[in-house]
Structures are given as C-alpha cells and as structure tokens.
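If you read the sequences in order, they're chains A and B. For the first sequence, full-length UniProt numbering gives the first residue as 1, with consecutive numbering after it. For the second sequence, full-length UniProt numbering gives the first residue as 1, with consecutive numbering after it. In this text, a Cβ means the ideal position worked out from N, Cα and C, and glycines have one as well. A short write-up of the structure that comes next.
Protein chains: 2
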Amino acid sequence: MKLDRRLVIKILEEKIKSEGIVLGSDILKVDSFLNHQIDPFLMSQIGQAFAEKFSHENISKVLTIESSGIAPALMTSLQLQVPMIFARKHQSRTLNEEFFSASVYSYTKQTENQIAVSKRFINPGDRVLIIDDFLANGQAVQGLLDIINQAGASAVGVGIVIEKRFQAGHQLILSKNLPLVSLASIDRFEDGQVVFSKQGETSHVN
Amino acid sequence: MKLDRRLVIKILEEKIKSEGIVLGSDILKVDSFLNHQIDPFLMSQIGQAFAEKFSHENISKVLTIESSGIAPALMTSLQLQVPMIFARKHQSRTLNEEFFSASVYSYTKQTENQIAVSKRFINPGDRVLIIDDFLANGQAVQGLLDIINQAGASAVGVGIVIEKRFQAGHQLILSKNLPLVSLASIDRFEDGQVVFSKQGETSHVN
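Below you can see the structure in the form of structure tokens.
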C-alpha cells in the first residue's frame with residue numbers, strides 16, 4: 001500500500017507536533033516513532049516517498065549511517081530494489097585499508113566519530129542516494145559524500161526525513177548542487193513548539 | 001510478494017555459503033547482505049518468515065539491539081503491524097531513571113556494553129518478540145529479556161536470522177522455554193566452510 005506523498009508528509013508533521021519534544025534551542029526528540037521506537041508503517045511510506053522522488057535517477061546504492069538512518073534507508077532501498085549500505089561509526093578504532101573512512105563531528109554530542117564503509121560495497125560507477133533521519137549541520141551527509149568521492153562513485157541526491165532548515169546543512173547540500181528532498185522541513189522552534197517551513201517539503205530535484 | 005519460508009531459508013543458506021567468510025573458529029562475516037551492506041528483498045522475506053511463524057502469538061512490540069538487528073526487526077514489525085524498538089548501546093554513559101538498562105558482554109569484541117530502552121516504550125501487558133541478526137552466546141538476547149522483565153512485559157519468542165548452534169545461546173533460550181526460530185542454523189565450521197544443521201531451520205514454536 002502506498003499513500004500519496006502529500007499525505008505521508010501530513011502524517012509525519014502531525015506525529016512531530018503531537019509526539020516530538022523540543023529540547024533547548026535546536027534539539028527535537030522524536031524517539032517514539034523515528035529513532036528509538038519506530039513506526040514501521042510510517043517508515044515504509046517514507047521509503048516509498050523517497051523512492052518516488054528519486055525514481056528517475058538510476059540509483060544503484062542507498063547509503064546511510066548507523067543507527068537511526070537504517071530504517072528509512074532500508075525502506076527506500078526496498079522500493080528502489082537496490083542494496084542499502086550503512087556506514088559504521090567508530091570512536092577511535094584504527095581503520096585499515098579495507099575501508100573508506102571520514103570524520104563526522106556531532107554538534108549534539110560534541111564528539112568526533114570516524115565513519116567507515118568497506119571498499120567492496122561502493123564502486124566507481126555507482127549512483128548513490130544518501131538517506132538520513134535528520135539534517136542539522138550536515139556533518140553526517142558531508143562524511144558520506146567524502147566516502148562516495150573516495151570510491152569514485154557519484155552522489156545523486158539526499159533524502160532526509162526531518163530537516164532543521166535553520167541550521168547549516170540545508171544550504172550546505174544545496175551549495176553542492178545536490179538534489180535534496182526533506183519530507184518535514186522545520187523553519188524554527190518557537191516557545192517549545194515546532195514551526196514548519198511555509199513552503200512545506202523541501203524538494204530540489206531536477 | 002511473499003516467498004515460501006522454505007525458499008527464503010534456501011536463499012539465505014546459499015548467500016551464506018557463497019558470500020560468507022569464516023574467520024577463525026567461530027566468526028562468520030556476512031557483511032555483504034546482512035550487517036553492513038543489506039539486501040532489502042531478502043530482508044523483507046526474512047521479516048515475513050518471522051511474522052508468519054509468530055503470527056498467532058498476539059505480539060504487541062518487536063524488540064532488537066542497534067545496529068544489525070534493526071533491519072530484520074523492522075521488516076518483521078512491518079508485517080506484524082506493531083511498533084519496533086531498538087535498544088541503544090552505550091559503552092559507559094550514565095543511564096538515568098528514564099531507561100530500563102542491562103549489561104551485554106560481547107565475546108567477539110571483549111567489551112561490556114550497557115543497553116537501554118526508554119521506559120515509555122515497553123509496558124506491563126506488552127507481548128514482545130525479540131529479533132536479532134545473530135545468535136552466538138546469547139548475551140544480547142539475555143540483556144533484552146532482562147529489560148522486558150524489568151518492564152513487567154512478556155517475552156513471547158526469539159527470531160534469529162543466523163544461529164551458531166554450537167555456541168551457548170541456542171540452549172540458553174530453549175532452557176527458558178522460549179519459542180525460538182532460527183532461519184539459518186549453523187552446526188559447525190569445517191575447513192573454513194559453513195556446515196548447516198541437518199535438521200535445518202530451528203523452530204521451537206508451540
């Protein structure tokens with residue numbers, strides 16, 4: 001079953017409003033359906049929405065980072081009928097020549113992680129779609145782009161479940177001329193409430 | 001599309017034989033389709049196979065541990081139409097009273113992790129199905145059972161994609177009279193090759 005994408009976005013926004021918890025100036029906790037407990041029906045619809053938006057991009061791999069990116073990336077890859085890869089995070093472990101690796105700084109946790117993808121799974125010629133649950137400062141996407149670049153593959157777009165448009169990641173991706181689809185786009189937090197961007201879903205796809 | 005469960009097991013065994021890499025005496029690396037790169041079609045079939053086996057158990061939640069358990073657990077929960085929860089791993093972080101937590105020792109990595117699940121997501125009365133990618137010594141399952149117990153909920157079964165039957169986890173689960181379904185059951189490694197259990201899929205379901 002596939003719902004219309006507009007309806008999926010509506011459901012997602014309603015879930016964020018009713019279950020999301022705003023913490024401080026820039027953190028949104030949505031652990032009841034997105035990144036601790038997961039609503040599999042909504043996640044399936046999210047995957048179908050991304051697959052529809054990127055269906056003409058001839059994608060060969062879907063790439064994300066553990067752990068929260070796995071669910072939306074898996075559902076997208078199922079629809080696109082291509083493999084999904086999740087980059088592994090390591091705080092310090094010495095990486096070897098079997099892996100492409102990149103550094104990702106987390107502003108939330110104030111930690112630097114190495115992320116790694118086996119060289120066997122991304123090859124020159126691959127057309128890679130990046131999927132993640134959140135877009136904030138764009139550090140995770142930046143790290144994945146770095147890995148795609150090392151592999152000699154092409155990044156063909158970025159699909160984000162929830163973007164905080166007021167942080168740097170949104171502009172960072174657009175500045176690279178990368179197609180960006182953010183299903184829920186948050187303009188700002190106001191009195192502990194989420195205010196969505198007026199223009200709705202971010203969609204910069206050719 | 002749903003394949004017959006016997007065929008799913010056959011495909012899984014063939015994938016293990018052709019792509020799995022045996023390391024040392026007890027490690028099987030299957031990162032090409034199960035826990036780094038993921039085959040979404042196979043994962044979907046695995047989810048349907050678990051859902052079929054546990055369809056009469058009136059399950060209300062599917063529980064796993066990040067990261068490798070997320071994909072099979074998500075696909076199972078989608079079929080069962082119930083929420084999926086993945087326990088978070090923390091090497092040291094101080095946990096607070098918002099979480100149920102347990103210790104999980106990893107023989108492979110020789111590290112002790114705390115796993116945690118928010119108290120909001122498992123309640124008394126919940127009937128919980130545990131799903132994981134691998135069963136070796138059963139430490140992960142043990143930790144999840146501990147959390148289910150703290151919540152006053154019931155564990156109704158365990159679904160495992162690949163079990164190493166020669167390690168302690170298999171007997172540990174059966175000794176608790178818990179229904180266990182292991183799709184691929186490995187009897188032993190011989191000359192770097194995988195030998196599957198003669199009786200095939202482990203299935204101890206009422």
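Chain A partners of B:Asp39, CB-CB under 7 Å? The answer, in chain order, is Pro83.
Would you decide whether B:Pro83 is buried or exposed? Buried here means 16 or more other CB atoms lie within 10 Å of its CB. Burial call: buried.
Is it right to say B:His56 is buried, meaning 16 or more other beta carbons lie within 10 angstroms of its own, or is it exposed? The residue in question, B:His56, is exposed, as its Cβ has fewer than 16 Cβ neighbours within 10 Å.
Measuring alpha carbon to alpha carbon, tell me which residue in B:Glu14, B:Ser32, B:Ile21, B:Phe134 is nearest A:Val117. The shortest C-alpha separation from A:Val117 is found at B:Ser32.
Between B:Ile70 and chain A, is any beta-carbon pair separated by less than 8 Å? Chain A, which has a Cβ nearer than 8 Å to the Cβ of B:Ile70, makes this yes.
Counting C-beta neighbours from all protein chains within 10 Å, is the total for B:Gln171 16 or more, i.e. buried, or is it exposed? Counting C-beta atoms within 10 angstroms of its own C-beta, B:Gln171 has fewer than 16 neighbours from the protein chains shown and is therefore classed as exposed.
Sort B:Val156, B:Ala140, B:Gly138, B:Ile21 by Cα distance to B:Asp126 and report the nearest one. Nearest C-alpha to B:Asp126 among B:Val156, B:Ala140, B:Gly138, B:Ile21: B:Val156.
Cutoff 7 Å; reference A:Ala49; Cβ partners in own chain excluding five residues on either side: So the qualifying residues of the chain are Arg5, Val8, Leu183.
Work out the CA separation of B:Ala168 and B:Ile160 for me, nearest whole Å. Cα to Cα, the separation comes out at about 14 Å.
Hey, out of A:Ile46, A:Leu80, A:Ile21, A:Ile148, whose CA is closest to A:Glu201's CA? Among A:Ile46, A:Leu80, A:Ile21, A:Ile148, the Cα nearest to that of A:Glu201 belongs to A:Ile46.
Which bits of chain A does B:Met1 rub up against, with CB to CB less than 8 Å? Neighbours of B:Met1 on chain A: none; closest Cβ ~11 Å, over 8 Å.
So, under 8 Å CB-CB, A:Val62 and A:Ala71 are touching, yes? Tell me the CB distance rounded to an integer number of Å. The distance from the Cβ of A:Val62 to that of A:Ala71 is about 12 Å, inconsistent with a contact at the 8 Å cut-off.
Does DSSP put A:Arg165 in a helix, a strand or coil? Coil.
Near-chain A residues of the segment 1-33 of chain B (beta-carbon distance less than 9 Å), N- to C-terminal order: So the list reads Asp31, Ser32, Phe33, given in the order they occur along the chain.
Would you give the residue range spanned by the beta strand (DSSP E) that B:Asn113 belongs to? Residues 111-118.
Span of the alpha helix (DSSP H) holding B:Met1? Looking at the DSSP string, B:Met1 is not in any alpha helix (DSSP H), and its letter there is neither H nor E.
Report yes if the CB atom of B:Gly20 is closer than 8 Å to the CB atom of B:Leu28, and no otherwise. For B:Gly20 and B:Leu28, yes; Cβs fall inside 8 Å.
Under the three-state DSSP convention, the category A:Val141 falls into: Looking at A:Val141 - three-state DSSP - the assignment turns out to be helix.
Of the residues that make up the segment 54-80 of chain A, which ones have a beta carbon closer than 7 Å to any beta carbon in chain B? Correct list: Glu66, Ser67, Ile70, Ala71, Leu74, Ser77, Leu78.
Locate the alpha helix (DSSP H) running through A:Leu34, then write down its first and last residues. Looking at the DSSP string, A:Leu34 is not in any alpha helix (DSSP H), and its letter there is neither H nor E.
B:Ala51 to B:Ile147, Cα distance in whole Å? So the alpha carbons of these two residues sit roughly 22 Å apart.
So that I know if they touch, is there some Cβ in chain A lying closer than 8 Å to that of residue 237 of chain B? Examination of residue 237 of chain B is not possible in this model, given that chain B is present from 1 through 206 alone.
Rounded separation between residue 207 of chain B and B:Lys198 - CA only: For residue 207 of chain B there is no data in the structure shown, the boundaries of chain B being 1 and 206.
Where B:Arg127 meets chain A, residues with beta-carbon distance less than 7 Å: For B:Arg127, there are no C-beta contacts with chain A under 7 Å, since the nearest C-beta of that chain is about 16 Å from it.
Please indicate yes or no: does the CB of A:Phe33 lie closer than 7 Å to some heavy atom of the ligand SAH? As far as ligands go, the structure on display features none, and thus does not contain the ligand SAH.
May I ask you to list the residues that DSSP assigns as paired with B:Gly157? Paired residue(s): B:Leu129.
Same chain, Cβ closer than 6 Å to A:Ser68, five either side skipped, listed in chain order: In its chain, beyond the 5 residues on either side, Asn35, Asp133 have a beta carbon closer than 6 Å to the beta carbon of A:Ser68.
8 Å Cβ cutoff met for B:Ala153 and B:Ile122: B:Ile122 is positioned such that its CB atom lies closer than 8 Å to that of B:Ala153.
Thinking C-alpha only, which one of A:Met75, A:Leu144, A:Ile162 is nearest A:Phe41? Minimum Cα-Cα distance from A:Phe41 among the listed residues A:Met75, A:Leu144, A:Ile162 corresponds to A:Met75.
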